[in-house]
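The block underneath contains the structure these notes are about, expressed in structure tokens.
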Amino acid sequence: MVSLGLVAVAGALTVPWSYLVLRAAYDRDIAENAKSLARRVEQPVQIKVAQARARGINPWRLQPRQVIDEELFNALAVEMRADPAIRAAVFYFVQYDMGPDGQPGRPVEIAALAPVRGAQSSVPGITAEQIGQLTEGPMEGKDDDAYRFLLPWKQDGRVRGATYVELSRDRISHDFWTKEGPLLKRVVAWTATAFVALSVVGIFGYHAWQRAGAVQRKAEMEQQGMMAERGLTAAVLAHEIRNPLAALRFQLHSLKKNAENPGKVGGTAEMIDSELLRIQQLVSDYLAHEKAVSLRVQSVDLAEAAQRLKGVMEEMLRSTATRLTVATPGQAVEATCDPHALRQILMNLVLNGQQAMGSGGSITITVGRSDDGFGTIDVADTGPGIPEEMRERLFKPFQTTKVDGHGIGLALVKRFVDNFGGSVAVESEVGRGTTFRLRLPLAEGSEERMKAEG
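Printed below as a string of structure tokens:
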């Protein structure tokens, strides 16, 4: 009877306790995810504000579209519409009455940008004064069918806007039981056994707590990775088509300039046709990539790829007085990669260097091979360099220091190089330039051919 009583007590204590612990952890996870959406809107806004202040512009006079990146906003909208748990999301931007000293006074106007608003949502009426009074932190609430968060984001210590997020309780509850139900049953069984076998109560309780924490951390990391990946996929295609189109515009200018020279006209026309076919292939490859089709990996001569890129971009770089040099070894260096993806990688790195330098300067592409079976490509510029604090997050999506940048190009470079089984690293010294080092696995038989040629 005592044993049965212990089992009964263990069950009575364990089931509600386990449920409350896991439920509290999941509720905290919900709140953190809602706050992360607000931070992802606030971060690029703070960057634009800092850039405006550096140019001598009063950031409090900026309009919403001047500080909210439209491409990033659209990518967030696509990402959130794909998440069935998000019923509504609205980004509010507050305009203040400006005083004679150029400082903001009373909040007078509110601009609302709504990337997601479902048929079941009930977005409350919110005024500029209400958002301006959110000085003590976020407002949270819930009812029978939804969790609601109003999360302020600030500029210079004052509320500049807020993010309203509405989450479906039914969907959250479904996800909770799907993800945590099996774990809850295991915790109940372990704890009940621990109560019966008194000597191992501490051990079982400790392991149950550890397992619950590990599952939560893993879920948070997976969710953050999925959010970043979906945002990157939504924005990257438009970004990567823009670069070759810019190069083609300069080729068309060259075509007009050399209209009286049939030889140059023919060569430029062939190059334009080749780039248009490559853009078409790029779109097809991205659509295939979204369907989980692998990249078209083949043997690529790195030196030839670098020379072809120079032919495409020389005219474009000439307009900014930027000199592009390609240094190659005597033998072919054949690596295993996708030729279209490699072109995008090199184009991104060259344009990144040119934009950093502005007018003038030089970019050098050096092709070689390492002793451990990798082909190497160094892309070096003579620009201002990259600050130390930026290098650690340089290859993460949506990280940029450029006014018109979106933080997509370098994230795509790393993504492609990793898929090829290679690596990318950066060396930079402020005031002296930056070098990106690519390592791509040599194609099968490439080393033997190089030794034979040597």
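Its first residue numbered -15, the sequence shown is counted upward by one per residue in our numbering. All C-beta atoms in this analysis are idealised placements derived from N, C-alpha and C, irrespective of residue type, glycine included. Bear in mind that the values here come from a model prediction, so they are computed numbers and not experimental data.
Compare the C-alpha of residue i against each of the options and name the closest.
i      : options                           : result
Arg65  : Glu150, Arg327 and Leu232         : Glu150
Gly367 : Glu413, Arg302 and Lys240         : Glu413
Arg12  : Glu124, Ala95 and Tyr80           : Glu124
Val29  : Asn17, Phe57 and Glu16            : Phe57
Leu293 : Ile361, Arg327, Val281 and Gln338 : Arg327
Arg90  : Trp44, Thr252 and Ala98           : Trp44
Asp355 : Val317, Leu239, Gly337 and Arg195 : Val317
Ala200 : Gln235, Phe234, Ala230 and Lys163 : Per the sequence presented here, residue 200 reads as Gln, with Ala not at that position. Here the closest residue by C-alpha is Lys163.
Gln47  : Val33, Met331 and Arg195          : Val33
Ala96  : Ala340, Gly86, Gln87 and Gly109   : Gly109
Ala61  : Val51, Val100 and Ala8            : Val100
Thr147 : Met297, Gln87, Val78 and Ala243   : Val78
Arg37  : Asn242, Tyr80, Pro166 and Gln139  : Gln139
Asn403 : Arg280, Ala340, Arg302 and Ala230 : Arg280
Val51  : Glu63, Ala59, Arg39 and Ile31     : Ile31
Gly86  : Ile94, Gly40 and Met297           : Gly40
Ile361 : Val296, Leu167, Ile329 and Arg399 : Ile329
Glu55  : Arg226, Met297 and Met374         : Arg226
Ala230 : Gln315, Lys126 and Glu298         : Glu298
Glu113 : Glu244, Arg377, Glu93 and Leu236  : Glu93
Residues bridged to residue i by DSSP?
i      : result
Ala319 : Val284 and Leu426
Ser407 : Arg423
Lys138 : Val143
Thr350 : Ala311 and Asp362
Ser157 : None, per the DSSP bridge assignment.
Met480 : Residue 480 is absent from the structure shown; the chain starts at -15 and stops at 438.
Leu151 : Ile70 and Tyr131
Leu97  : Phe75
Lys126 : Tyr131
Ser412 : Thr418
Met82  : Pro88
When burial is assigned at 16 or more other CB atoms within 10 Å of the CB, is residue i buried or exposed?
i        : result
Met(-15) : Confidence in Met(-15) is poor, its pLDDT being 47 and thus under 50, which makes the residue's placement too unreliable to answer from.
Arg71    : buried
Pro84    : exposed
Leu426   : buried
Ala364   : buried
Glu26    : buried
Arg353   : buried
Asp53    : buried
Asn42    : exposed
Pro228   : buried
Asp257   : exposed
Thr304   : exposed
Gly417   : buried
Thr111   : exposed
Glu372   : exposed
Glu16    : exposed
Leu422   : buried
Ala8     : exposed
Asp81    : exposed
Gln338   : buried
Glu428   : exposed
Pro88    : buried
Ala325   : buried
Ala59    : buried
Ala340   : buried
Glu63    : buried
Gly116   : buried
Gly406   : buried
Looking at residue i: is its Cβ nearer than 7 Å to the Cβ of residue j?
i      : j      : result
Val401 : Val410 : no
Val107 : Val143 : no
Gly141 : Tyr76  : no
Gly357 : Leu424 : no
Ala130 : Arg153 : yes
Arg342 : Gly415 : In the sequence as presented, Arg is not what sits at residue 342; that position holds Gly. No, these two residues do not count as a Cβ contact at 7 Å.
Leu232 : Glu254 : no
Met300 : Phe234 : yes
Thr252 : Leu239 : yes
Phe420 : Leu335 : no
Phe379 : Leu394 : yes
Arg155 : Pro68  : yes
Thr312 : Val351 : yes
Evaluate the contact criterion for the stretch 343 to 353 versus the stretch 297 to 311: three or more CB pairs, one atom per stretch, below 8 Å.
Contact check between the stretch 343 to 353 and the stretch 297 to 311: three or more CB pairs, one atom from each, fall below 8 Å, which counts as touching.
Pairing CB atoms from the stretch 18 to 30 with CB atoms from the stretch 134 to 147, are three or more of them under 8 Å?
yes
Cβ pair count under 8 Å reaching 3, the stretch 311 to 329 against the stretch 280 to 291
yes
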